[in-house]
Amino acid sequence: MEESEDVPKDFIKLKSEKLSVDEVSELVVSPSCGAVSLFIGTTRNNFKGRKVIHLEYEAYSSMAETEIKKICRDVRQKWPSVKHIAVHHRLGVVPITEASVIIAVSSPHRVESLEAVTYCINTLKASVPIWKKEIYEDEYSWKENKECFWANSEK
Amino acid sequence: AVSVLYFARSAELAGLRCETLSVPREITSLQLWEEIVKVHPRLAVIRDQVIFAVRQEYVLLGDQVLVLQPGDEVAIIPPISGG
């Protein structure tokens with residue numbers, strides 16, 4: 436592999452198809468890195484005792500990609516040794532146990548990629564314009580992340 | 006005229022996802038909200054839970070003066086729940 440092919444890259448994708456952990460990991464693997472850290476957000480079948488049938492996601496796609504790019508830029512400022520960052524988020528219907536988001540980060544040593552992945556998911560939940568609807572048996576509910584500063588705190 | 010985009014709960018209450026709206030070139034974000042609610046009164050119930058994204062930058066509903074150009078995107082942003 437030529438040196439120029441290993442420049443740090445951000446891989447950001449919003450898609451309605453099933454996400455692949457293999458695909459996302461392979462995007463960030465790098466010969467100069469000894470660590471790849473991953474976060475996978477999966478769909479739970481319950482919320483406060485109610486049975487969840489599936490989740491549905493929608494996004495302000497152009498702005499969501501821009502906000503995720505900003506997160507990547509912040510990651511590189513805080514952890515300069517981070518090599519590649521991949522954020523894949525699914526849109527539309529996500530069945531139970533399937534992934535709604537996969538974040539992967541590579542770095543030479545493990546501390547930076549582990550911390551960067553945590554930062555990515557926490558910041559994504561606070562700033563990226565994506566919305567989740569929980570579908571129950573008899574109704575549905577638009578969810579609100581506690582990280583979202585303009586949501587009313589839970590009454 | 007600006008493009009107004011509706012998402013999530015706001016799209017359900019307004020009954021649509023996007024439309025063109027004529028508004029004054031300079032307007033506070035709160036006044037912009039009030040113009041939109043005139044067209045879609047059902048949106049009033051979520052006033053305390055939404056912010057705007059104007060040209061893809063978040064803006065609170067309040068006294069901030071917006072300078073809008075024709076074709077600018079203004080999005081209604083209910084509380085987010087990505088991830």
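Chains as they are written, first to last, in our numbering: chain A, 436 to 590; chain B, 6 to 88.
Heads up, the beta-carbon is just placed ideally off N, CA and C, and yes, glycines get one too.
(request) At 7 Å on the CB atoms, spell out the chain B contacts of residue 583(A), in chain order. (result) Within chain B, the residues near residue 583(A) are 84, 85.
(request) Mind checking which residues open and close the alpha helix (DSSP H) that includes residue 506(A)? (result) 496-513
(request) For the beta strand (DSSP E) containing residue 38(B), list its first residue and its last residue. (result) Judged by DSSP secondary structure, residue 38(B) falls outside any beta strand (DSSP E) and instead within the alpha helix (DSSP H) spanning 34-44.
(message) Can you find the residues in the same chain that come closer than 6 Å, C-beta to C-beta, to residue 462(A), ignoring five residues on each side of it along the sequence?
(response) Hits under 6 Å: 446, 521.
(request) Give the straight-line distance between the Cα atoms of residue 480(A) and residue 84(B), rounded to the nearest whole angstrom. (result) 22 Å
(request) Could you pull out every unbroken beta strand (DSSP E) segment of at least 3 residues lying fully inside the region 46-80 of chain B, listed in chain order? (result) 56-59, 62-64, 70-72
(request) Taking only beta-carbon positions, decide if residue 579(A) is within less than 8 Å of chain B. (result) Yes, residue 579(A) counts as interfacial toward chain B.
(request) Could you work out which residues of chain A lie near residue 14(B), taking near to mean beta carbons separated by less than 7 Å? (result) 577
(message) Residues in the same chain with beta-carbon distance under 7 Å from residue 34(B), minus the five sequence neighbours each way, listed in chain order, please.
(response) 57, 64, 65, 66, 67, 69, 71
(request) For residue 477(A), name the three-state secondary structure that DSSP assigns. (result) strand
(message) At the 8 Å Cβ level, is residue 478(A) part of the contact set with chain B, yes or no?
(response) no
(message) Assess contact between the region 469-483 of chain A and the region 543-551 of chain A, defined as three or more Cβ pairs (one per stretch) separated by less than 8 Å. Is contact present?
(response) With a cut-off of 8 Å, the region 543-551 of chain A and the region 469-483 of chain A count as touching, because enough Cβ pairs lie within range.
(request) Name, please, each residue of chain A whose Cβ falls closer than 9 Å to the Cβ of residue 54(B). (result) 579, 585, 586, 587
(request) With hydrogens ignored, establish whether the beta-carbon of residue 472(A) is closer than 7 Å to any heavy atom of the ligand NAP. (result) This structure lacks the ligand NAP, and indeed carries no ligand of any kind.
(message) Does residue 507(A) pass the burial test, meaning 16 or more other C-beta atoms within 10 Å, or should it be called exposed?
(response) buried
(request) Could you tell me whether the region 534-541 of chain A touches the region 28-46 of chain B, using the rule of 3 or more Cβ pairs below 8 Å? (result) no
(message) Using a Cβ distance threshold of 8 Å, determine whether the region 508-519 of chain A contacts the region 447-467 of chain A, with at least three qualifying pairs required.
(response) yes
(message) Taking the beta carbon of residue 569(A) as the centre, do at least 16 other beta carbons fall within 10 Å, making it buried, or is it exposed?
(response) Buried: at least 16 other Cβ atoms inside 10 Å.
(request) Report the partner residues of residue 26(B) according to the DSSP bridge assignment. (result) 7(B)
(request) Following the continuous alpha helix (DSSP H) through residue 562(A), name the residue where it begins and the one where it ends. (result) 545-562
(message) Here's a check: name, in chain order, each residue in its chain whose Cβ is nearer than 8 Å to the Cβ of residue 580(A), leaving out the five neighbours to either side.
(response) 560, 561, 586
(message) Spatial neighbours of residue 457(A) within its chain, please: C-beta separation below 7 Å, excluding the five flanking residues on both sides.
(response) none
(request) Select from 42(B), 60(B), 59(B) the residue whose C-alpha is nearest the C-alpha of residue 52(B). (result) 42(B)
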